[in-house]
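Undergrad: Quick one: this structure, given as structure tokens, is what I'll be asking you about.
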Amino acid sequence: MTFTKTKQAPAETLKPERIPAADPPAALQPTGARNPLSEPSRPESSPPIAISFDSFNAFYGDYQAIDQINLQIPSKQVTGFIGPSGCGKTTLLRWINRMNDIVPTARSTGQLHLHDLDVLASSTDVVELRRRVGIVFQKPNPFPKSIYDNVAYGARLHLKLTRTELDALVEWSLRKAAVWSEVKDRLHKPALGLSGGQQQRVCIARTIATGPEVLLMDEPCSALDPISTSAIEDLIFELRQQFTIVIVTHNMQQASRVSDMTAFFYQGKVVEFGTTDQVFTCPTEKQTEDYVTGKFG
Ligand SMILES: Nc1ncnc2c1ncn2[C@@H]1O[C@H](COP(=O)(O)OP(=O)(O)OP(=O)(O)O)[C@@H](O)[C@H]1O
Ligand SMILES: [Mg+2]
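Residue numbers for the sequence shown follow full-length UniProt numbering, so the first one is 1 and each next one is one higher.
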């Protein structure tokens, strides 16, 4: 069995003239923060590396979950992490924005860089790192607040915007997350009153509203129906123009549809990393072939 990579048109096509342009004055922004309303253009040549793991190992106590990983994740592309349960996909993702800092037994060795930033250095500002690297989890986790306040939450912390600018940013983020039309008449109602798929898209809107460079998605569609899944895949396809995206998925069709690059993990190691077409249609490793064709996992 082989997979053909097909790209779909985004479900909700954004019309640039409808995106409110309201960059806050640079002087009002904290260092490094940028208003996501200003979209950089997609580079023509091969993309630079956004995230780099060099001889990276990760442990929980004595247990080694990640074993000597060298992996370069390209900027402004979608990289899929695939592999059987327990092979370390979530662990690796959580190191990128230092989520494992809250796990007392977790430690790592080796190097991990986000562009020039030494992610693991004790001097690294973790709050700023997490603004640059947003994460969306398998289970939607909206705050017990209104839809508007969920999306505005990070912007209120990191950007000093007027009410008009904040309104524009909330609308822009919800449009980007392909959920605006479903929530625009109930922005001040609780986010927890939405369906699971809508909650997940509101969580994505909340994540992109602070203008991250990297979007980490850990099985973002695993609890969603096919229509919501399709909306999120369209969204990923669109967002890759602006963000570096890493998505963990157990769905091989989804990985082949949305990812430019694919990394196959097994027992804490990267067995194979290449373009999605290559990994799915002519893998160099037998383990990869067995996994993508459903012989194990
Ligand atoms: N907090 C933790 N404490 C101890 N061990 C952990 C912890 N989190 C994960 N592990 C172990 O680390 C290994 C890798 O787990 P991880 O969650 O990264 O796998 P995964 O590839 O994301 O799996 P899945 O596809 O099931 O989500 C597993 O053996 C897991 O049991
Ligand atoms: Mg996982």
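Positions of the beta carbon are idealized from the N, C-alpha and C atoms, including for glycine.
Taking 7 Å as the CB-CB limit, is THR164 close to chain B?
TA: This model lacks chain B altogether; it includes just one protein chain.
Undergrad: Taking the alpha-carbon of LYS269 as reference, which of LEU224, GLY197, ASP67 has the nearest alpha-carbon?
TA: Answer by Cα proximity: ASP67.
Undergrad: Name the one or two DSSP bridge partners that LYS269 has.
TA: TYR266
Undergrad: Could you say if the region 102-121 and the region 287-297 meet the contact criterion of at least three C-beta pairs nearer than 8 Å?
TA: no
Undergrad: What does DSSP give as the partner residue(s) for ILE49 in the beta ladder?
TA: Answer by DSSP bridge pairing, in chain order: PRO74.
Undergrad: Confirm the yes/no value for this check: CB of VAL103, any heavy atom of ligand 1, distance under 6 Å.
TA: yes
Undergrad: Shortest alpha-carbon distance to CYS282 belongs to which of ILE73, SER222, SER256?
TA: SER256
Undergrad: Report whether the distance from the Cβ of residue 316 to the nearest heavy atom of ligand 1 is below 6 Å.
TA: Given that the chain is displayed from residue 1 to residue 297, the structure contains no residue 316 and the question cannot be resolved.
Undergrad: Closer than 6 Å to a non-hydrogen atom of ligand 2 - does that hold for the CB of THR90?
TA: The nearest non-hydrogen atom of ligand 2 is less than 6 Å from the C-beta of THR90.
Undergrad: For ARG156, which residues from the same chain have a beta carbon less than 8 Å from its beta carbon, with the 5 sequence-adjacent residues on both sides left out?
TA: Same-chain partners within the cutoff: LEU166.
Undergrad: So does the region 217-236 actually touch the region 249-266, counting three or more Cβ pairs closer than 8 Å?
TA: yes
Undergrad: Taking the alpha carbon of SER75 as the point to measure from, which residue in GLY83, ALA205, PHE243 has its own alpha carbon closest?
TA: Among GLY83, ALA205, PHE243, the Cα nearest to that of SER75 is on PHE243.
Undergrad: Below 6 Å CB to CB, which residues in the same chain sit around GLN72 once its five sequence neighbours on both sides are set aside?
TA: ILE49, SER52
Undergrad: Touch check for the region 177-188 and the region 87-101: three-plus C-beta pairs under 8 Å?
TA: no
Undergrad: Which parts of the region 79-135 are runs of the alpha helix (DSSP H), unbroken and 4 residues or longer, counting only runs that do not cross its ends?
TA: Listed in chain order, the complete alpha helix (DSSP H) runs (minimum 4 residues) inside the region 79-135 are 89-96, 126-132.
Undergrad: Three Cβ pairs or more, each shorter than 8 Å: is that satisfied between the region 167-178 and the region 88-96?
TA: no
Undergrad: Is CYS221 near ligand 1, in the sense that its beta carbon is under 6 Å from a heavy atom of that ligand?
TA: no
Undergrad: By the 10 Å Cβ neighbour count, where 16 or more other Cβ atoms means buried, how is TYR63 classified, buried or exposed?
TA: exposed
Undergrad: Run the proximity test for ALA255: is its beta-carbon closer than 6 Å to any non-hydrogen atom belonging to ligand 1?
TA: no
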